[in-house]
Every structure is written in structure tokens, then in C-alpha cells.
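Written below as C-alpha cells is the structure these notes are about.
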Amino acid sequence: MSRTRSTTRLRRVVAALTGLCVATLVAGCTSGDGTSSSTSSSAAAGSSSAPGAAVPSHPSTLTVFAAASLKATFTEIGTIFQNENPGSTVTFNFAGSSDLVTQLTAGAPGDVFASADTNNMTKATNAKLVSGTPVNFATNILTIVTPPGNPAGISGFADLAKPDVSVVVCAPQVPCGAAAASVESNTGVSLIPVSEENSVTDVLGKVTTGQVDAGLVYVTDAVNAADTVTQVDFPEAAAVVNTYPIATLTGGTQPELATKFVDLVFGPEGQQVLAAAGFKPAP
Amino acid sequence: MATAATVPTRRKRAGAGTGSGLPRWVFLPAVVGGVFIVLPLIAMLARVQWSSFLGLITSESSVAALWLSLKTSTASTVLCVLLGTPMALVLARARFPGLRLARSLVLLPLVLPPVVGGIALIYTYGRQGLLGSSLEFLGLRIAFSTTAVVIAQTFVALPFLVLSLEGSLRTAGRRYEAVAATLGANPTTVLRRVTIPLVLPGLLSGAVLAFARALGEFGATLTFAGSLQGTTRTLPLEIYLQRETDPDAAVALSLVLVVVAVLIVLATRGRASEGSL
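Protein chains in written order, with my numbering: chain F, 102 to 384; chain U, 383 to 659.
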């Protein structure tokens with residue numbers, strides 16, 4: 102009696118777990134299929150229809166691989182692009198720049214790549230993924246963020262090294278951490294962080310949940326976080342500039358649209374969106 | 383007479399060659415499933431740079447991460463046994479309203495995305511969390527400490543032990559316990575001398591599963607405990623970080639984790655088949 106009951110229960114648990122796994126798999130498959138099928142159909146549309154002829158029933162899909170920190174701005178630029186190019190659809194893949202390079206190297210289909218640092222763009226260029234020369238389209242610098250109201254009274258970079266201040270930064274292996282390390286060596290102030298995170302998002306999360314007194318993030322992240330953090334700019338940040346390059350990709354199926362997208366990013370509309378998010382123009 | 387003779391031979395033929403009594407077609411999806419699991423591991427093995435392997439896994443940061451992982455996983459396994467055994471006993475033996483709800487809640491971390499678990503833990507033990515301010519008052523700061531890693535691991539691993547042990551308890555039944563009680567043993571003696579020895583294999587396999595889950599814990603740790611070498615950066619976090627700059631090191635460390643996992647599975651497989659999971 103108890104045995105059968107327990108086995109039915111176990112069976113139910115196993116069935117539920119299997120269901121979950123299958124659901125995840127299916128979701129993964131469909132989203133994967135969705136991307137690839139739309140890309141291939143757009144490729145077919147591009148080859149069959151004459152250039153300039155926008156056929157709404159066969160939309161051309163442009164796939165843009167962009168650094169996670171560009172999510173808000175590029176989504177907005179994507180909407181502008183779709184309005185200016187009727188019949189085209191822009192799909193984005195937002196992730197850490199090094200993840201994106203890994204995916205592209207592994208054969209992920211993309212038309213445009215926008216990196217959050219020159220390092221990863223160089224990796225992409227060396228892997229022969231890039232057609233032409235990458236061009237810098239924006240820059241970003243670090244800033245201090247604190248929980249709202251700045252309870253620990255942080256007023257500058259040197260305050261972060263005070264023993265009773267808990268600070269969180271990016272690990273030196275990732276671009277934001279490398280920038281933080283440069284500021285440290287420039288100023289001679291060495292931080293003892295309570296945690297070295299993998300991404301700016303993780304740093305921001307620790308600050309917005311009030312786990313730490315301060316964190317080092319990019320200005321754009323602070324702008325994006327709005328009033329969930331208090332931003333404390335420090336002059337030493339200006340010396341460590343992070344540059345964002347963009348390039349069209351050799352494996353792309355929409356070279357014309359890709360060039361148009363890059364032009365839009367460099368154009369007044371694109372630059373205005375970037376500036377509003379806290380990006381500075383590239384020199 | 384003739385029919386009586388043919389029936390057994392036909393039955394024999396149905397399971398012929400396999401000895402399992404299963405229809406043959408079952409084996410095809412079973413093998414596909416097996417390949418599905420094993421193939422990625424082989425692909426990873428093929429990527430290991432053997433010439434630099436030893437150097438990569440013995441680097442200072444790797445050793446620190448491995449050591450931290452073993453320490454914290456052991457601590458969380460002990461916690462899981464101490465907390466999970468009574469939980470499994472109550473779930474398997476006690477009868478009270480809301481038992482089914484209690485069981486569902488206990489199993490929640492099993493199906494919860496670890497990141498969600500991490501966020502929940504922040505709002506519980508974090509600086510501005512439910513218990514955080516009281517803990518801070520007592521001078522205890524959990525966030526960003528090794529304790530936070532152990533808490534995150536215990537949170538996600540506990541259901542594995544409870545589920546495994548509860549299954550064993552139900553399979554074992556209450557017959558021996560009832561006999562011991564009629565012979566005059568008090569409940570504690572019955573638990574100590576009859577119940578626990580009876581389900582020891584289930585307890586062991588549950589503990590090993592919990593250890594394995596704790597060892598692989600990533601999302602909750604990253605969200606709740608942070609990532610600092612020697613303090614909170616366990617092996618999975620180290621692998622994730624190494625991947626940014628040194629994919630070879632990430633692969634080498636992944637292999638270490640796979641080897642540990644395989645050893646764990648091999649160590650428990652015999653016992654686990656007796657138990658329930």
C-alpha cells in the first residue's frame with residue numbers, strides 16, 4: 102500500500118520534472134528555430150526581390166549582435182531603423198561582448214556586431230568575422246553608484262578605500278573591471294572589494310538591493326538605473342575611457358541593411374539616442 | 383497441448399537478446415537519450431589542452447576555487463543531513479493537515495531557477511533583508527561571506543536529500559518500527575535502532591546527491607554571495623569568470639568538475655538503486 106503510493110508519487114514528481122525539461126527544450130528549440138528560419142526566409146526574400154522593393158509579407162531581418170550595455174539604446178535605434186526601412190525587421194542578440202564573439206566564432210548568424218570594448222572586436226577581426234574595419238561609435242566612463250541617498254556619504258574615488266565602506270567592482274578579467282583597475286593604478290588608491298563580479302549588471306544588482314555601500318559601473322548603467330541608485334561622478338574616471346566599436350559581419354545575409362544600420366548609429370539620430378543614455382561620442 | 387507449448391516460446395522470443403523483457407524499439411530512444419547526455423562531455427574532452435592542463439588546474443585561483451568548493455559543499459551537505467533527515471521523517475511518517483502543501487514547498491528550490499533563489503536569499507539574509515537587519519545588529523554580516531555560499535548551496539541542495547530519504551522511508555514501510563514499538567522500544571530508540579539503519583542507503587545517496595548539487599551551485603551563489611577569490615568564488619564561478627579571458631582554463635576546470643561528478647555518481651549508483659532516487 103505505502104509502496105504503491107510512494108511510487109505513484111515519485112512517478113508524478115518524475116513526470117513533472119520531465120515535463121519541465123521537455124518544456125525548456127521545446128522553448129529553446131522554437132526560439133532557435135524562430136531566429137534561423139526568419140533569417141533564411143529573409144535571405145530568400147533578399148535574393149528574389151529587387152533591391153529597394155520592400156515587401157511587407159516577406160520582411161528582411163537584420164540580426165544585430167550587441168553588447169549587453171547597449172540594450173536600451175540599440176533597441177530604440179532598432180525601432181527608428183524599422184520605421185525608416187519599412188518591411189525590415191531588426192532582431193537583437195544582447196550579451197556580454199566576449200560571449201557574442203564566442204557565439205559568432207561558433208557560427209551564429211549575425212549581420213552587425215557592436216562590442217563594448219576594442220579587445221573583443223579585435224578578437225572578432227582576428228577570427229575573420231568582420232568585413233571592413235570596425236569604427237568606434239561611442240565611449241563610456243566609470244562612475245560610482247550608491248544605494249539611493251548615498252547613506253555611506255561617498256564623495257569621491259578615495260572614499261571607496263575607507264575600511265568601513267563595502268564596495269563591489271567587476272573582476273579584472275572583464276572590461277569594466279579592467280577599467281576599475283586602471284583607475285586604481287592611476288590614482289594610487291587600491292580598493293579591497295567585497296566581491297568582484299562578472300558583469301556590470303551584477304555590480305548594479307548588489308547596489309540596488311542595498312548589499313553594499315558603493316559600486317563601480319559605467320555612467321550609462323547609472324543613467325539607466327535612474328533613481329534606484331545615486332550617482333557619484335569622480336574626475337579620475339575621465340582618464341579611463343572605454344570605447345565601443347561597431348562592424349558589419351562577413352557571415353551576414355543582409356550586407357546592405359547592415360551598412361544602413363551602422364550609418365544610423367553614426368548619424369545624428371543614433372548619436373542622440375546614445376547621448377541621452379549617457380554615452381559620449383567617440384573621438 | 384500444442385498451444386501450451388508455443389505460448390512460452392513466443393514469450394521468450396519477445397525479450398530475446400536483451401533479457402530485459404522490454405520491446406526492442408524502446409532501446410532506440412534510450413540510446414539517443416544516452417548519446418544526448420554523453421556527447422557534449424566528449425566534445426568538451428576533445429577541447430582540453432592536455433599540454434597545459436596541469437598548469438591550468440593548479441594555478442592559484444583554480445586551487446583556491448576547488449578548495450573553497452569542497453569546503454562549502456561539505457558544510458552544506460552536513461547542514462542538509464541535519465535539517466533534511468527530520469524533514470523527510472516528518473513528511474514520510476507524520477499526518478497533519480497541509481502535509482501535501484508542505485511537501486510542495488520543500489521541493490520548491492528544486493524547480494526554482496537558482497537566480498530566483500539567490501534573489502530570495504538576498505531579501506532574507508541580505509543587509510536590508512528580512513533577517514538581515516537583526517543579524518547585522520548581532521554583528522553578523524552574511525552577504526559576501528563564505529557563510530552566504532553555504533546558505534545558497536544548502537537552499538538548493540536540501541530538497542535532493544529530503545526527496546531521496548522520504549522515498550526510502552516510504553519504501554521501507556513501518557512494519558519493523560511497529561514491531562519494535564510493540565516490544566517496548568520508545569520512539570527515539572525505534573528511530574535510532576530501526577528506522578535510520580533501515581534507510582541508511584537512501585540517506586547516503588541523498589547526501590551524495592546534495593553534495594553534488596552544492597558543488598555545482600552557481601546562480602544563487604553569484605546572486606547572493608558574490609564572487610571573490612578564496613571567499614565566495616567557488617569552482618563554477620571561477621569557470622564562468624575564466625571563460626572571459628582564458629577559455630582553455632575554463633575547459634580544464636570544467637573537466638575537473640566533471641570528473642568529481644562522475645566519481646560521485648559511480649560511488650552512489652549501487653546504493654541509489656536500492657534507494658528511491
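Even for Gly, the Cβ is constructed at its ideal location relative to N, Cα and C.
For residue 643 of chain U, does the three-state DSSP call read helix, strand or coil? Residue state, collapsed to three classes: helix.
So is residue 493 of chain U buried or exposed if we call it buried at 16+ other beta carbons inside 10 Å? exposed
Any chance the region 582-601 of chain U sits against the region 544-551 of chain U, with 3 or more Cβ pairs inside 8 angstroms? yes
Determine the extent of the beta strand (DSSP E) in which residue 310 of chain F is found, giving its start and end residues. Looking at the DSSP string, residue 310 of chain F is not in any beta strand (DSSP E), and its letter there is neither H nor E.
Would a check of beta-carbon distances place residue 431 of chain U closer than 9 angstroms to chain F? Not closer than 9 angstroms to any Cβ of chain F, the Cβ of residue 431 of chain U fails to qualify, so no.
Are the beta-carbon atoms of residue 499 of chain U and residue 602 of chain U separated by less than 9 angstroms? Cβ atoms of residue 499 of chain U and residue 602 of chain U: closer than 9 angstroms.
Quick check on residue 377 of chain F: buried or exposed, where buried means 16 or more other Cβ atoms within 10 Å of its Cβ? exposed
Could you check how far apart the C-beta atoms of residue 253 of chain F and residue 315 of chain F are, in whole angstroms? I think they sit under 8 angstroms. 7 angstroms
Simplified DSSP state of residue 318 of chain F, which is helix, strand or coil: Shown here, residue 318 of chain F sits in a strand according to DSSP, grouped into three states.
To the nearest angstrom, how far is it from the Cα of residue 258 of chain F to the Cα of residue 317 of chain F? Residue 258 of chain F and residue 317 of chain F have their C-alpha atoms some 9 angstroms from each other.
Could you confirm whether any beta carbon from chain F is found closer than 9 angstroms to the beta carbon of residue 605 of chain U? yes
Once DSSP output is grouped into helix, strand and coil, what is the label at residue 192 of chain F? In the displayed model, residue 192 of chain F falls within a strand according to three-state DSSP.
Beta carbon of residue 227 of chain F nearer than 9 angstroms to that of residue 345 of chain F: no
Measure the beta-carbon distance from residue 199 of chain F to residue 626 of chain U and round it to whole angstroms, keeping in mind my assumption that it falls under 8 angstroms. 5 angstroms
What are the partner residues of residue 166 of chain F, as DSSP defines its beta bridges? F:194, F:214
Can you give the beta carbon distance from residue 423 of chain U to residue 640 of chain U, rounded, assuming they're within the 8 angstroms contact cut? 6 angstroms
With 16 other CB atoms within 10 Å as the buried threshold, where does residue 406 of chain U fall? Residue 406 of chain U is exposed by the Cβ-count criterion.
Under 8 angstroms Cβ to Cβ from residue 384 of chain F, same chain only, skipping five residues before and after it: list those, please. So the qualifying residues of the chain are 237, 240.
Name the one or two DSSP bridge partners that residue 297 of chain F has. F:270
Once you ignore the five residues that flank residue 309 of chain F on each side, which residues in its own chain have a CB closer than 7 angstroms to its CB? 326, 329, 330
Please return the same chain residues whose Cβ sits closer than 6 angstroms to the Cβ of residue 201 of chain F, not counting the five positions on each side in sequence. Excluding sequence neighbours, residue 201 of chain F sits near 166.
Distance, residue 355 of chain F Cα to residue 194 of chain F Cα: Taking the straight line from one Cα to the other gives about 16 angstroms.
Per DSSP, residue 381 of chain F forms a beta bridge with which residues? F:240
Using the C-alpha atoms, what's the distance from residue 447 of chain U back to residue 353 of chain U? Outside the displayed range of chain U (383 to 659) lies residue 353 of chain U, so it cannot be described from this structure.
Beta-carbon proximity list for residue 212 of chain F, same chain, < 8 angstroms, skipping 5 on both sides: Contacts found: 163, 164, 165, 349, 350, 353, 354, 355, 356, 358, 359, 362.
Mind checking residue 234 of chain F: buried by the 16 CB within 10 Å criterion, or exposed? exposed
Does the beta carbon of residue 629 of chain U sit closer than 9 angstroms to a beta carbon anywhere in chain F? yes
In the DSSP assignment, find the unbroken alpha helix (DSSP H) run with residue 389 of chain F in it and report its ends. Within the shown structure, residues of chain F are numbered from 102 to 384, placing residue 389 of chain F beyond reach of any answer.
What is the rounded straight-line gap between the Cα of residue 343 of chain F and the Cα of residue 268 of chain F? 21 angstroms
Do residue 205 of chain F and residue 230 of chain F have their beta-carbon atoms positioned less than 9 angstroms apart in this structure? yes
Those residues which DSSP pairs with residue 346 of chain F across a bridge: Answer is F:237, bridged to residue 346 of chain F.
Whole alpha helix (DSSP H) elements within the region 558-616 of chain U, 4-residue minimum: 569-572, 578-598, 601-606
Backbone secondary structure at residue 372 of chain F - three-state DSSP: helix
Check each candidate in U:551, U:442, U:428, U:457 and name the one with the smallest Cα separation from residue 334 of chain U. Nothing about residue 334 of chain U can be reported from this structure: the residues present for chain U run from 383 to 659 only.
Compare the C-beta of residue 285 of chain F against all C-beta atoms of chain U and say whether one is closer than 9 angstroms. It does not; no Cβ of chain U falls within 9 angstroms.
Residue range of the unbroken alpha helix (DSSP H) whose run includes residue 430 of chain U: Boundaries cannot be given for residue 430 of chain U, as no alpha helix (DSSP H) includes it and DSSP labels it neither H nor E.
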